[in-house]
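Note that this note's numbering has the sequence shown beginning at 250, numbered continuously upward. Data first, discussion second: the structure below is written as structure tokens.
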Amino acid sequence: MSEKQNELEQRLMVGLHGTPELKHSEKMQHLGQFRERIIRLLTKDQVDDSHVYPEIEEALKDPRASRLLLNGDLAYRYRDKYIKIARKHSKPYTVVNDPSLKGNAGLIVVADHAVDVDKIEVE
Numbered sequence: 250m251s252e253k254q255n256e257l258e259q260r261l262m263v264g265l266h267g268t269p270e271l272k273h274s275e276k277m278q279h280l281g282q283f284r285e286r287i288i289r290l291l292t293k294d295q296v297d298d299s300h301v302y303p304e305i306e307e308a309l310k311d312p313r314a315s316r317l318l319l320n321g322d323l324a325y326r327y328r329d330k331y332i333k334i335a336r337k338h339s340k341p342y343t344v345v346n347d348p349s350l351k352g353n354a355g356l357i358v359v360a361d362h363a364v365d366v367d368k369i370e371v372e
């Protein structure tokens, strides 16, 4: 196959299927974000818990934190307490509704760039 044919085939594939995405399965585990951008993560069960995890407020105070992402599968009454904290610290938030999401992530605090936090899960 010539180089021109290969390039044409690649362009056709991008036209049909969109631009290939790096680490797609990893991103679907983390509400559409790369693991290396996550500062803190709560599971769905933790977000459903009646108390607020102070680690999330601390993460939102982090100067690297750019936004809060919440899993849209969770009831508003559980997400609301964290939305109020995000507003208090002037951080935008997004409720992610995507049926292709996998994993158990209920909430994440993310940065705009890689921060490589070793332990993102809250105990």
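The beta-carbon is built from N, C-alpha and C at its ideal position, and this holds for glycine as well.
On the criterion of 16 or more Cβ atoms from any shown chain inside 10 Å, does residue i qualify as buried, or is it exposed?
{"i": "LEU378", "result": "Past the edges of the chain, shown from 250 to 372, lies residue 378, and the structure says nothing about it."}
{"i": "LEU261", "result": "exposed"}
{"i": "LEU318", "result": "buried"}
{"i": "ALA308", "result": "buried"}
{"i": "HIS362", "result": "exposed"}
{"i": "GLY302", "result": "Looking at the sequence provided, one finds Tyr at residue 302 rather than Gly. So TYR302 ends up on the buried side."}
{"i": "ARG328", "result": "buried"}
{"i": "ARG326", "result": "exposed"}
{"i": "GLN259", "result": "exposed"}
Residues in its own chain within less than 6 Å of residue i by CB, not counting five upstream and five downstream?
{"i": "THR292", "result": "ASN353, GLY355"}
{"i": "PRO347", "result": "As written in the sequence, residue 347 is Asp, which differs from the Pro given in the question. There are no such residues."}
{"i": "TYR342", "result": "LEU317, ILE332, ALA335"}
Compute the beta-carbon to beta-carbon distance between residue i and residue j, rounded to the nearest angstrom, for a pair I have assumed lies under 8 Å.
{"i": "ILE305", "j": "TYR331", "result": "6 Å"}
Grouping DSSP H, G and I as helix and E and B as strand, with all else coil, what is residue i?
{"i": "ARG316", "result": "strand"}
{"i": "ILE357", "result": "strand"}
{"i": "GLY281", "result": "coil"}
{"i": "TYR302", "result": "coil"}
{"i": "GLY264", "result": "helix"}
{"i": "ASN308", "result": "Reading the sequence as shown, one finds Ala at residue 308 and not Asn. Residue state, collapsed to three classes: helix."}
Give me the DSSP bridge partner(s) of residue i.
{"i": "GLU370", "result": "LEU290"}
{"i": "VAL344", "result": "LEU319"}
If I measure Cβ to Cβ from residue i and keep anything under 7 Å in the same chain, skipping five residues before and after, which residues do I get?
{"i": "GLU321", "result": "Here residue 321 turns out to be Gly, not Glu, going by the sequence shown. Result list for GLY321: VAL344, VAL345, ASN346, in chain order."}
{"i": "SER315", "result": "VAL359, ALA360, ASP361"}
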